[in-house]
Amino acid sequence: MSSGVLYYLSGLAILLGINVIAIWGLDLQFGLAGINNFAFVVFQASGAYAAALLALKPASAYGSFETYIGGWNLPFPLPLVGAAAVGGLVAVPIGLVAVRRLRGDYQAMAMLVLSLIATGFAEAQTGLVNGPTGLALIPRPFAGAFHLSPLGEQWVFLGLTAVCCAVAWWVARGISRSPLGRLLRAVRDSESAVSALGRDPQALRMTALVVGGALAGLSGGLLVEYVNAWGPASWLYPETFLFFTALVVGGRGNLAGGALGALLVPIGIVEGTRYLPSFGYPGLIDSLDWVVIGLVMLVFLWFRPLGLFPERKRVVRFGDAPARRGAPVAMSARRAETP
Amino acid sequence: MSARAVPAATARDDPGGAAGGPLLEVEGLAVHFGGVQAVSDATFTVRSGTITGLIGPNGAGKSTVINLVSGRTRPSRGAVRFAGVDLTGRPTHEIARAGLVRTFQHANVFARLTVLENLLVGASPWRGERLVQAIWRKSSWRGAEAELAGRAYALLQRFGLEGLANEYAGALSGGQKRLVEVMRALMASPRMLLLDEPMAGVNPSLAMSIADRLEELRDEGVTMLMVEHELRLVERLCDPVVVMARGRVLAEGSMEELQRNKDVLDAYLGGDGA
């Protein structure tokens with residue numbers, strides 16, 4: 229394979245990894261805990277801005293052609309850690325507004341409005357993160373450190389993305405297979421019954437929002453270090469629906485479903501159409517992407533609402549010999565096949 | 003999770019005094035929704051070890067009283083004391099942690115959890131429900147989890163539902179869902195159950211089997227306050243019975259006494275002694 233093709237494919241793999249992390253974060257919030265987080269892209273954007281401001285040098289170092297706060301020039305992995313932390317912290321005010329008191333459609337509307345407000349705010353504040361133009365020249369970790377070719381640097385970044393994916397997998401899988409995950413699924417089904425059993429549903433929802441937000445923030449940090457630029461146009465509210473579509477297509481409540489959704493929707497549809505032979509007026513293919521994504525979402529909600537990999541039933545096996553009352557025989561956390 | 007823990011009262015430790023003493027004291031409870039005075043003066047006591055009935059015509063305020071006691075609705079006046087502790091206006095989850103666990107008038111199971119998982123959500127002690135335990139310290143809850151699953155399975159056998167352990171709770175019949183709710187509440191080792199029409203919409207033979215189980219539980223020391231419309235069941239299970247009408251408590255006593263009480267007959271029983 230020519231190095232150009234390899235460069236392209238490794239780039240796709242990096243974007244896939246970044247999207248997988250984000251979608252696992254959304255799955256914790258929406259798939260597991262049932263929060264209609266239509267402000268999801270704000271969590272990713274917060275992480276991206278955090279990583280950018282932590283990694284950039286002060287604005288004066290670039291001749292002050294952009295204006296922003298911070299510019300701490302911190303080394304790897306601090307910008308990524310900061311991105312995850314900020315993604316989690318942003319969940320607190322958003323949770324207080326939209327999760328404590330609101331449910332269902334109202335929650336979704338409030339989230340969507342929060343997302344619009346956040347974009348408007350970032351555009352209007354020119355001194356904060358360079359207003360509508362956004363930030364540029366964000367350095368990649370280890371850039372130039374090993375004197376590698378562009379393709380070599382790409383492989384290094386892919387390795388870093390894989391490590392972050394492994395961390396995200398470990399967190400998301402740990403939660404979904406634990407009693408905490410079971411409680412989050414219970415909150416999704418009936419909040420009143422959860423509180424009647426002595427658990428605080430608000431605290432549980434908040435936990436899911438914060439951890440999912442941290443994963444979203446981490447994905448944003450990786451994304452900004454990969455693409456080296458970030459502005460309000462990178463995180464308009466339709467991006468949230470890209471993640472939701474991926475989760476609906478792949479399947480909620482399980483990590484394989486989220487990963488498959490990431491492969492099919494953000495990579496398959498959005499990136500896959502990027503190199504189609506152009507037709508029509510410029511920008512037509514990009515617009516058609518959104519039409520296709522919307523149609524895919526509708527088709528799945530209509531014909532296969534649980535996605536390609538539905539959430540699997542957690543089956544616990546007991547011996548059926550009545551003589552051994554109550555004794556679990558070969559109890560395991562094994563999950564049975566999809567019904 | 004809230005730091006203001008309410009001391010838990012279970013059947014094992016007994017701060018509420020000897021069996022037969024007052025466990026739940028409801029005093030002058032009132033609430034209105036807009037201009038509607040749903041409950042204007044509810045005062046009664048549930049003694050430990052009893053199944054106390056709560057009856058009354060539609061709109062009498064029975065379910066509202068359950069909601070007020072369980073913390074779902076905040077009272078505008080009055081007090082709720084459980085095992086000597088004032089729980090007035092506390093949130094539902096704190097009241098449940100104190101040992102007062104409710105079920106719902108409309109079957110309220112976790113539909114997309116299996117029956118066994120439904121029971122495990124109710125289970126105490128709680129292990130692996132904190133983030134750090136869930137991710138880092140799996141060994142801290144794996145053992146307890148297996149033990150709780152065994153306890154849940156034993157309970158399912160007792161209620162004759164062990165064959166449904168791995169079915170989604172949403173796929174069960176209405177009566178089976180009610181059983182799941184009662185079992186789930188029992189997994190929490192409550193001191194007292196608040197049962198809001200546990201037999202509503204259940205076929206008569208299953209209702210009898212639920213009644214048998216409730217009697218067994220009472221004999222094991224679980225106190226219950228039960229809203230029920232089916233008076234034959236109330237007569238069989240409940241002593242004493244509290245009668246409510248138009249938001250206030252009208253009378254309290256055994257069914258036999260109530261059937262001779264003129265106010266009760268006028269308000270509710272219709273005078274024919276049914």
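Keeping their order, the protein sequence lines are chains X and G.
Here the first sequence stands for residues 229 to 567, where the numbers follow the working numbering.
Here the second sequence stands for residues 3 to 276, where the numbers follow the working numbering.
C-beta: ideal position from N, C-alpha, C; glycine also.
In the three-state reduction of the DSSP assignment, proline 360 of chain X falls in the helix class, which pools H, G and I. Assigned with DSSP and collapsed to three states, threonine 295 of chain X falls in coil, not helix or strand. Interface flag for valine 103 of chain G against chain X is set, since a Cβ pair is found closer than 9 Å.
DSSP places alanine 424 of chain X inside the alpha helix (DSSP H), whose first and last residues are 419-424. Against chain X, the CB of serine 78 of chain G has no partner CB under 9 Å away; the residue lies outside that interface. Chain-order list of chain G residues neighbouring isoleucine 403 of chain X: Ala136, Ile137, by C-beta distance under 7 Å.
Legend: CB atoms of the stretch 65-93 of chain G lying less than 9 Å from CB atoms of chain X belong to residues Ser72, Gly73, Arg74, Pro93. Using a Cβ-Cβ cut-off of 7 Å, asparagine 110 of chain G is close to Ser418, Ser420, Ala421 of chain X, given in chain order. In this structure, methionine 226 of chain G keeps its C-beta atom at 9 Å or more from the C-beta atom of leucine 181 of chain G. For alanine 62 of chain G, the closest Cβ of chain X is not nearer than 9 Å. As summarised for the stretch 36-71 of chain G, the continuous beta strand (DSSP E) elements at least 3 residues long and confined to that stretch are 38-49, 53-57, given in chain order. Contacts with chain G at 9 Å (Cβ-Cβ) include tryptophan 398 of chain X. Less than 9 Å divides the Cβ of phenylalanine 106 of chain G from the Cβ of alanine 421 of chain X. Distance between proline 429 of chain X and valine 439 of chain X, taken at the CA atoms: about 16 Å. In this structure aspartate 417 of chain X is buried. Its beta-carbon is surrounded by 16 or more other beta-carbon atoms within 10 angstroms. For the pair tryptophan 300 of chain X and leucine 240 of chain X, the Cα-to-Cα distance works out to about 30 Å. Rounded to the nearest angstrom, the gap between the Cα atoms of alanine 373 of chain X and alanine 442 of chain X is 28 Å. In this structure phenylalanine 546 of chain X is buried. Its beta-carbon is surrounded by 16 or more other beta-carbon atoms within 10 angstroms. Excluding sequence positions up to five before and after isoleucine 495 of chain X, its CB lies within less than 8 Å of the CB of Leu240, Leu243, Leu244, Asn247, all in the same chain and listed in chain order. With contacts defined by Cβ atoms closer than 9 Å, alanine 326 of chain X and leucine 342 of chain X form a contacting pair. In this structure, the CA atom of lysine 264 of chain G is about 14 Å from the CA atom of serine 256 of chain G.
In the displayed model, histidine 95 of chain G falls within a helix according to three-state DSSP. For glycine 172 of chain G and arginine 104 of chain G, the gap between their C-alpha atoms comes out near 20 Å. Around the beta carbon of tryptophan 138 of chain G, fewer than 16 other beta carbons sit within 10 angstroms, so the residue counts as exposed. In the three-state reduction of the DSSP assignment, glycine 30 of chain G falls in the strand class, which pools E and B. Beta-bridge partners of arginine 104 of chain G (DSSP): G/Leu196. Judged by DSSP in its simplified three-state form, glycine 323 of chain X adopts helix.
Taking leucine 356 of chain X as the centre and dropping the five residues before and after it, the same chain places the C-beta of Tyr296, Ile297, Ala350 closer than 8 Å to its C-beta, in chain order. Put simply, of X/Gly323, X/Phe268, X/Pro360, X/Ala283 the residue whose alpha carbon is nearest the alpha carbon of alanine 431 of chain X is X/Gly323. Residues are counted here when their Cβ sits less than 7 Å from a Cβ of chain X; for the stretch 213-233 of chain G the count is zero. Across the stretch 116-134 of chain G, CB contacts with chain X closer than 9 Å involve Thr116, Leu118, Glu119, Asn120, Leu122, Val123, Gly124, Ala125, Ser126, Trp128, Arg129, Gly130, Glu131, Arg132, Leu133, in sequence order along the chain. G/Val229 is the residue among G/Val229, G/Val87, G/Gln135 whose C-alpha sits nearest the C-alpha of alanine 202 of chain G. If the five residues before and after phenylalanine 471 of chain X are omitted, its C-beta is found closer than 7 Å to the C-beta atoms of Ala250, Ile251, Leu254, Phe268, all from its own chain and listed in chain order. Proline 192 of chain G sits buried, since 16 or more C-beta atoms from the chains shown fall within 10 Å of its C-beta. Those residues of the stretch 143-167 of chain G placed with their C-beta closer than 8 Å to a C-beta in chain X are Trp143, Glu147, Ala148, Ala151, Gly152, Arg153, Tyr155, Ala156, Gln159, Glu164, Ala167, ordered along the chain. Separation of serine 175 of chain G and alanine 151 of chain G (C-alpha to C-alpha, rounded to the nearest whole angstrom) is 23 Å.
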